[in-house]
Amino acid sequence: MSDIVKLYAFRGSPYSCRPEIALKLKGVKYEFIQEDLKNKSADLIKYNPVNKKVPVLVHNGNPISESVVILEYIDEVWKGVPILPQDAYEKAQARFWARFVDDKCIPAVFKAMVSRGEEQAVAEAHVQMQFLENELKAEGKKFFGGDNVGLVDICASYMALWVGAAEEALGIKLMPKDKFPKLIEWSDNYINCPAVKDGLPPRETVVGIYKTL
Amino acid sequence: MGEVKLFRTWSSPYALRIVWALKLKGIVYETIYEDLANKSSLLLEYNPVHKKVPVLLHNRTPICESLVILEYIDETWNTTARFLPEDPLARATARFWAKFNDDRVVTSIFRAYVTQGAEQEEAIGPALENLDIVEKQLIGKNFFSGESFGFLDLVFGWIAKYLGILEETGGIKLLDEDRFPHILAWKDKFCDIPVIKESWPDREKLITKFQLMREHFISTAAGSS
């Protein structure tokens, strides 16, 4: 019995790319359905009535919503390339940092973008980014997941692509190399991984979105 | 299984989730009470990112964030009854509702509690709508986790005591028995569980604390407008 996997998403969204990258890492075949966020499909609303948001993964008719919840689901259902570590403590660390990216880092960086690089907003973003920089430095890791891409790397896609695209589109500096050498190095390594490259939207698409901000 | 310590405050509902989890699993642990106005150097060392409670220390290794800690406890002490189901879809569903509680239910109810006048009136609608969604989740079930108690009950458990405290100190009525019969029925069953019953902080102390907290928020908001 073969799996039927559909992904309702918006190419250009840093949350939508997460399940795509995970599915590609695992070699899972899926159908991609691009949503028009100003005119959401009846299916999306049926599958995610509570939040009405992308991404939503539908596996054999069963919907799963919330990008990090989807990542854990994909990891548990399809074996092969692991997204989360096996060890309970390492897993807890991965979950902790994934939440940090979503609850603290991305909101602070987004605020800095929306303020067009206002000094105070950028300073606050740098405080949060420093935690990620230190995490890479302390462990001497190529990726947050170690030798290979993992949950935290996928959640931090925003830092690897969207930050650079915003810098280009808005003419601001968010992630200077002298302050964040490890994050810059990690970004280069991350976006050049084959599955990641396939799952991320083209940089020009994201630059285009930011130009309309 | 090693040395276990829990950094908590006497009143934090997030830390209470961990108290319940540890007791339900029969894990022996030491409690370290924190004063958030005067955080210990240990707390700052173990949770440098957020500087918050709860923090679980297992064999001198810290784990932070209550939902992360719950899953860690469930996976590490895995010979006793599991909080989360085995099936990936059921697990994903539970994690979705946990996020819904922490991101939407708590935030909207807190907003209604911490405001007054027109701002409070405006805040009540979204709080009730989120509770409607919670109510629907309980239809046909004994507990949020299904037939028996589990992960989601630990997540939503704060509602069984703290919602009443927020209503009283905020001067609002949310949990109407006609609109939320399932939540009220769940509340009785939940509160009957021995570990839950014995772990609530003192009600009067909570009322005083949340009264003061509300006054502080209101005066801060007034000062900044």
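Heads up: the protein sequence lines correspond to chains W and S, in order. Using the working numbering, the letters of the first sequence map in sequence onto residues 1 to 213. Using the working numbering, the letters of the second sequence map in sequence onto residues 1001 to 1225. Positions of the beta carbon are idealized from the N, C-alpha and C atoms, including for glycine.
{"Query": "Under the three-state DSSP convention, the category Leu1022 of chain S falls into", "Result": "helix"}
{"Query": "Short CB-CB distance (under 7 Å) between Phe96 of chain W and chain S", "Result": "yes"}
{"Query": "Per DSSP, the bridge partner or partners of Thr1220 of chain S", "Result": "Answer by DSSP bridge pairing: none, since Thr1220 of chain S is not bridged."}
{"Query": "Reference Gly1064 of chain S; option with closest CA among W:Tyr47, W:Arg99, W:Pro82, W:Asn48", "Result": "First, the amino acid is wrong: residue 1064 of chain S is Cys here, not Gly. Comparing Cα positions, the closest option is W:Arg99."}
{"Query": "Buried versus exposed, by CB contacts within 10 Å (16 or more), Asp75 of chain W", "Result": "buried"}
{"Query": "Range covered by the beta strand (DSSP E) that runs through Leu1089 of chain S", "Result": "Where Leu1089 of chain S is concerned, there is no enclosing beta strand (DSSP E), although the alpha helix (DSSP H) it sits in stretches over 1088 to 1100."}
{"Query": "Leu174 of chain W versus W:Ala108, W:Val58, W:Ile33, residue with shortest Cα-Cα distance", "Result": "W:Ala108"}
{"Query": "Interface flag, Tyr1014 of chain S vs chain W, CB-CB below 7 Å", "Result": "no"}
{"Query": "Neighbouring residues, chain S, relative to Ser65 of chain W (Cβ below 8 Å)", "Result": "Phe1096"}
{"Query": "Min CB distance Val77 of chain W to chain S below 7 Å", "Result": "yes"}
{"Query": "For Phe100 of chain W, the three-state DSSP class (helix, strand or coil)", "Result": "helix"}
{"Query": "Beta-carbon spacing of Arg1017 of chain S, Leu1128 of chain S below 7 Å", "Result": "no"}
{"Query": "Own chain, CB closer than 6 Å to Gly145 of chain W, minus 5 neighbours either side, in chain order", "Result": "Asp153"}
{"Query": "Simplified DSSP assignment, three categories, for Pro85 of chain W", "Result": "coil"}
{"Query": "Start-to-end residues for the alpha helix (DSSP H) that takes in Val1134 of chain S", "Result": "1117 to 1137"}
{"Query": "Environment of Ser1219 of chain S [buried if 16+ CB atoms lie within 10 Å]", "Result": "exposed"}
{"Query": "CB contact check: Arg116 of chain W to chain S, cutoff 7 Å", "Result": "no"}
{"Query": "Interface flag, Arg99 of chain W vs chain S, CB-CB below 7 Å", "Result": "yes"}
{"Query": "Strand pairing of Ala9 of chain W, partner residues [DSSP]", "Result": "W:Gln34"}
{"Query": "Chain W residues whose Cβ lies nearer than 8 Å to that of Thr1061 of chain S", "Result": "Tyr89"}
{"Query": "Chain-ordered chain S contacts of Val69 of chain W [CB-CB under 8 Å]", "Result": "Ala1092, Arg1095, Phe1096, Lys1099"}
{"Query": "Nearest-angstrom Cα separation, counted from Phe131 of chain W out to Ala1185 of chain S", "Result": "44 Å"}
{"Query": "Cβ of Tyr73 of chain W within 7 Å of any chain S Cβ", "Result": "yes"}
{"Query": "C-alpha distance - Trp162 of chain W paired with Val206 of chain W, whole-angstrom precision", "Result": "7 Å"}
{"Query": "Cα-Cα separation, Ala1092 of chain S to Val69 of chain W", "Result": "6 Å"}
{"Query": "Identity of the residue in S:Leu1057, S:Gly1026, S:Leu1138 nearest Arg1179 of chain S by Cα", "Result": "S:Leu1138"}
{"Query": "Proximity test, His1182 of chain S beta-carbon vs the ligand ZN heavy atom, cut-off 6 Å", "Result": "Absence of the ligand ZN is noted for the structure shown, with no ligands found whatsoever."}
{"Query": "Run of the beta strand (DSSP E) containing Leu1057 of chain S, from where it starts to where it stops", "Result": "1055 to 1058"}
{"Query": "Within chain S, partners of Phe131 of chain W - CB distance below 7 Å", "Result": "Val1049"}
{"Query": "Helix, strand or coil at Phe1007 of chain S according to DSSP, with G and I counted as helix", "Result": "strand"}
{"Query": "Counterpart residues of Asn62 of chain W in DSSP-defined beta bridges", "Result": "W:His59"}
{"Query": "Short CB-CB distance (under 7 Å) between Ala92 of chain W and chain S", "Result": "yes"}
{"Query": "Nonlocal neighbours in the same chain, by C-beta distance under 7 Å from Asn60 of chain W, ignoring five residues either side", "Result": "Asp3, Ile4"}
{"Query": "Min CB distance Leu48 of chain W to chain S below 7 Å", "Result": "It should be pointed out that residue 48 of chain W corresponds to Asn in this sequence rather than to Leu. With 7 Å as the cut-off, Asn48 of chain W does not count as an interface residue toward chain S."}
{"Query": "Cut-off 6 Å between Cβ atoms - residues of its own chain near Ala121 of chain W, not counting five sequence neighbours on either side", "Result": "Lys111, Ala112, Ser115"}
{"Query": "Whole-angstrom distance between Lys182 of chain W and Ala138 of chain W, CA atom to CA atom", "Result": "10 Å"}
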